[in-house]
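Chemist: Line by line, the protein sequences give chains A and B.
When you line the first sequence up against the numbering used here, it's residues 18 to 132, in that order.
When you line the second sequence up against the numbering used here, it's residues 7 to 120, in that order.
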Amino acid sequence: GNSVTQMEGPVTLSEEAFLTINCTYTATGYPSLFWYVQYPGEGLQLLLKATKADDKGSNKGFEATYRKETTSFHLEKGSVQVSDSAVYFCALSEAGGTSYGKLTFGQGTILTVHP
Amino acid sequence: GAGVSQSPSNKVTEKGKDVELRCDPISGHTALYWYRQSLGQGLEFLIYFQGNSAPDKSGLPSDRFSAERTGGSVSTLTIQRTQQEDSAVYLCASSRGQSSEKLFFGSGTQLSVL
Numbered sequence: 018g019n020s021v022t023q024m025e026g027p028v029t030l031s032e033e034a035f036l037t038i039n040c041t042y043t044a045t046g047y048p049s050l051f052w053y054v055q056y057p058g059e060g061l062q063l064l065l066k067a068t069k070a071d072d073k074g075s076n077k078g079f080e081a082t083y084r085k086e087t088t089s090f091h092l093e094k095g096s097v098q099v100s101d102s103a104v105y106f107c108a109l110s111e112a113g114g115t116s117y118g119k120l121t122f123g124q125g126t127i128l129t130v131h132p
Numbered sequence: 007g008a009g010v011s012q013s014p015s016n017k018v019t020e021k022g023k024d025v026e027l028r029c030d031p032i033s034g035h036t037a038l039y040w041y042r043q044s045l046g047q048g049l050e051f052l053i054y055f056q057g058n059s060a061p062d063k064s065g066l067p068s069d070r071f072s073a074e075r076t077g078g079s080v081s082t083l084t085i086q087r088t089q090q091e092d093s094a095v096y097l098c099a100s101s102r103g104q105s106s107e108k109l110f111f112g113s114g115t116q117l118s119v120l
């Protein structure tokens, strides 16, 4: 079956530091890949996505590149802010599935950014 | 409404009781999903609706769990004879359709089974 593995947290950084959260996946075919974010007290929201190999998703200064050869989709940001403190989830949608919304999620990584 | 609404936000129940969790999706969204978020298992898919039909119920953990959707809108997730291992946050999400990759999540219902 499909699976997603994220680097274990929590991750604690100072403001303006560089962020990387690793994500690797196991799936058949060519899944779509996503990063979702859950800010304190809010629901999960889509941060970025990529639907095919070598695609780069980007949003709010975050980037992730779909690497088929390494089955990875690492999240990066060059300079984090306190407001980026949240839980980040990597997820995939199986290729050829009946619904793109049926997602397999990683365990989540808690990010805390200090001033 | 402006977003996906779930009620109640918190539910405490005794083992063996039945509970109903409600989800109001974004108006016009035809696809609706239930997920469960627990400490041990992370975020797990439960069931998916397209309109009032449920083409995929593969994530429902046991026959104590059921869900329905009426009028292509509101959905109810029912857990019968609750067990302590059912304690989790139950999340609902909706999207424009089954081919849409962008899900909009509600804030969830925190279920605690004592």
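We put the CB at the ideal spot given by N, CA and C, even for glycine.
1) If contact is defined by three or more beta carbon pairs under 8 Å, each pair taking one atom from either stretch, is the stretch 115-127 of chain A in contact with the stretch 106-116 of chain B?
2) Between the Cα of ARG28 (chain B) and those of B:THR115, B:LEU120 and B:VAL119, spot the shortest distance and give me the residue it belongs to.
3) What are the complete beta strand (DSSP E) segments, minimum 3 residues, inside the stretch 28-111 of chain A?
4) Measure the Cβ-Cβ separation of CYS98 (chain B) and GLN43 (chain B) and say whether it is below 8 Å.
5) Using the C-alpha atoms, what's the distance from ASP92 (chain B) back to GLU50 (chain B)?
6) Taking only beta carbons into account, state which residues of the stretch 117-129 of chain A come closer than 9 Å to chain B, listed in chain order.
7) If you draw a straight line from the alpha carbon of THR37 (chain A) to that of GLY26 (chain A), how long is it in whole angstroms?
8) In the DSSP assignment, find the unbroken beta strand (DSSP E) run with ILE53 (chain B) in it and report its ends.
9) Rounded to whole angstroms, what's the CA-CA distance from TRP136 (chain A) to ALA108 (chain A)? Just pull it up for me.
10) Buried or exposed, going by whether 16 or more other CB atoms sit within 10 Å of the CB of LEU45 (chain B)?
Modeler: Taking the structure as given:
1) yes
2) Position 22 of the second sequence, counting from 1, holds the residue named residue 28 (chain B). Ranking B:THR115, B:LEU120 and B:VAL119 by Cα distance to ARG28 (chain B) puts B:THR115 first.
3) 28-31, 36-38, 40-43, 49-55, 62-67, 73-76, 79-82, 92-94 and 103-110
4) To locate residue 98 (chain B), count along the second sequence from 1; it is residue 92. To locate residue 43 (chain B), count along the second sequence from 1; it is residue 37. No. Outside cutoff.
5) On the second sequence, position 44 is the one that residue 50 (chain B) refers to. On the second sequence, position 86 is the one that residue 92 (chain B) refers to. Distance between the alpha carbons of GLU50 (chain B) and ASP92 (chain B): 13 Å.
6) TYR117, GLY118, LYS119, LEU120, THR121, PHE122, GLY123, GLN124 and GLY125
7) Counting from 1 along the first sequence, the entry for residue 37 (chain A) is found at position 20. Counting from 1 along the first sequence, the entry for residue 26 (chain A) is found at position 9. Cα to Cα, THR37 (chain A) sits roughly 11 Å from GLY26 (chain A).
8) Here residue 53 (chain B) refers to the residue found at position 47 when the second sequence is read from its first residue. First-last of the beta strand (DSSP E) with ILE53 (chain B): 48-56.
9) This structure cannot speak to residue 136 (chain A), because chain A is shown only from 18 to 132.
10) Residue numbering aside, residue 45 (chain B) sits at position 39 when the second sequence is read from its first letter. Under this definition LEU45 (chain B) is an exposed residue.
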